[in-house]
Amino acid sequence: HEIVLETRELTKCFHAPGGRTLKACDSVSLTARCGETLGIVGESGCGKSTFVKMLVQLEKPTSGAIYFRGKDIAGFSGEAARQNRRHIQMVFQDPAASFSPKMRVGDIITEPLMNFGMITRKQRMEKAAALLEMVELDADFMSRYPHNMSGGQLQRVGIARALALNPEVLVCDEATSALDVSIQKKIVALLTRLQREKNIAMLFICHDMALVQSLSHRLAVMYLGNIVETVPGGQLCEAAMHPYTQALLGSVFSLHMDCCQKIETIDGDPPSPLDLPPGCPFAGRCQKCMPVCKTNKPVLKDVAPGHQVACHLY
Ligand code: SF4
Ligand code: MG
């Protein structure tokens with residue numbers, strides 16, 4: 005599968021009171037390929053959202069590169085950023101927050117096309133009908149308003165709007181996390197079908213390991229702004245090597261799945277990203293912590309095809 009988007013050592017620091025800096029995203033290098041889903045997992049606050057906001061140019065990187073089709077877009081601003089944004093679209097956890105409550109669904113989903121001058125008013129309703137059909141909503145949704153619609157219906161509208169411009173990359177940030185499990189399954193099935201039909205590269209950001217593992221071709225595990233492990237999607241349970249990944253699996257999969265027998269819980273809270281210790285970011289919570297872990301930060305190393313781990317045990 006062809007690489008469409010690639011980050012290299014992408015870093016985002018925020019200034020905090022007292023002259024301190026918060027490193028929300030620390031040298032993240034990941035690739036997204038056409039027709040594949042890259043899942044990114046980690047606890048809330050681990051930097052997943054900051055990472056994807058840089059991809060869709062809602063945040064400016066502090067350093068590092070974002071290559072879209074080989075061109076570094078990290079420094080884009082103004083019109084260049086706006087033009088590029090149509091290739092990389094986003095589906096949010098709460099789609100309605102970005103809809104105008106006074107607009108009808110037909111206008112909401114075709115607004116991106118209007119913004120890019122790609123459609124006349126006359127063509128608009130025709131396109132809206134096609135987009136509704138694509139996300140399996142009846143044509144009569146065209147004239148409805150966002151209120152009185154269910155969470156699942158709103159998310160279908162959000163997906164239709166995100167796909168209106170035929171993006172090459174679709175970023176889903178906790179896009180199904182607020183939905184009931186049965187609705188969640190239907191939205192995931194819809195996203196998977198559309199990805200296959202349109203050969204889209206999908207980034208699926210999610211804190212639910214069981215869900216993200218079920219639909220990802222490759223997975224990246226993030227902890228305090230760092231990618232600590234990447235693994236081929238179907239192999240997570242058997243192949244996980246990083247103590248943090250194993251702990252996540254133990255705490256989540258033991259509830260839902262039989263494939264992982266190990267039951268471990270993650271002790272303690274993550275340290276404040278403001279006061280990160282010099283060594284391994286997981287050292288304070290790791291049951292296998294060694295003296296070297298407190299002083300030297302481990303880097304990602306290849307351990308098998310498609311499998312990388314950042315841990316001094318390996
Ligand atoms: Fe644990 Fe050390 Fe590995 Fe970090 S580097 S995960 S502290 S064993
Ligand atoms: Mg988030």
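The sequence shown begins at 5 in the UniProt record's numbering and counts up by one.
By construction, the Cβ of each residue, glycine as well, lies at the ideal position given by its N, Cα and C atoms.
Taking the alpha-carbon of residue i as reference, which of the options has the nearest alpha-carbon?
i: G229; options: N152, L26, E10, H19; result: L26
i: L136; options: G162, C176, S81, G288; result: G162
i: Q199; options: A36, C284, G22, A28; result: A36
i: G39; options: L240, L223, V8; result: V8
i: Y248; options: E47, C17, A28, G23; result: E47
i: H311; options: L240, L280, M153; result: L240
i: M129; options: S218, C29, R108; result: R108
i: Q291; options: F72, L317, R125; result: L317
i: F72; options: K131, N88, M138; result: N88
i: C17; options: L169, A28, G23; result: A28
From the DSSP output, read off the bridge partner residues of residue i.
i: G43; result: F208, L223
i: I92; result: V173
i: F18; result: L26
i: S67; result: T15
i: Q312; result: T234, D306
Leaving out the 5 sequence neighbours to the left and right, which residues in its chain are closer than 8 Å to residue i when beta-carbon positions are compared?
i: C50; result: M226, Y227, L228, G229, P274
i: L59; result: L9, T11, I70, I92, V173, V175, L207
i: P171; result: R90, H91, I92, Q93, I204
If I measure Cβ to Cβ from residue i and keep anything under 6 Å in the same chain, skipping five residues before and after, which residues do I get?
i: P99; result: L158, Q159, G162
i: residue 394; result: This structure cannot speak to residue 394, because the chain is shown only from 5 to 318.
i: I231; result: V32, A224
i: C315; result: H246, P302
i: Q250; result: A244
On the premise that residue j lies in contact with residue i, defined as a C-beta separation below 8 Å, what is that separation, rounded to the nearest angstrom?
i: S31; j: T15; result: 6 Å
i: R165; j: I112; result: 6 Å
i: F96; j: S102; result: 6 Å
i: G110; j: S147; result: 6 Å
i: M213; j: L183; result: 17 Å between Cβ atoms; not a contact.
i: P285; j: K298; result: No, P285 and K298 are not in contact; Cβ-Cβ is about 11 Å, not under 8 Å.
i: L304; j: V313; result: 7 Å
i: A133; j: A143; result: 6 Å
i: K190; j: G238; result: K190 to G238, Cβ: 22 Å. No contact.
When burial is assigned at 16 or more other CB atoms within 10 Å of the CB, is residue i buried or exposed?
i: S220; result: buried
i: D177; result: buried
i: A244; result: buried
i: H151; result: exposed
i: K57; result: buried
i: V185; result: exposed
i: L195; result: buried
i: V45; result: buried
i: L167; result: buried
i: M294; result: exposed
i: E79; result: Here residue 79 is Gly; the residue named in the question, Glu, does not match the sequence. With fewer than 16 Cβ atoms within 10 Å of its Cβ, G79 is classed as exposed.
i: Q127; result: exposed
i: S53; result: buried
i: L62; result: exposed
i: G82; result: exposed
i: T124; result: exposed
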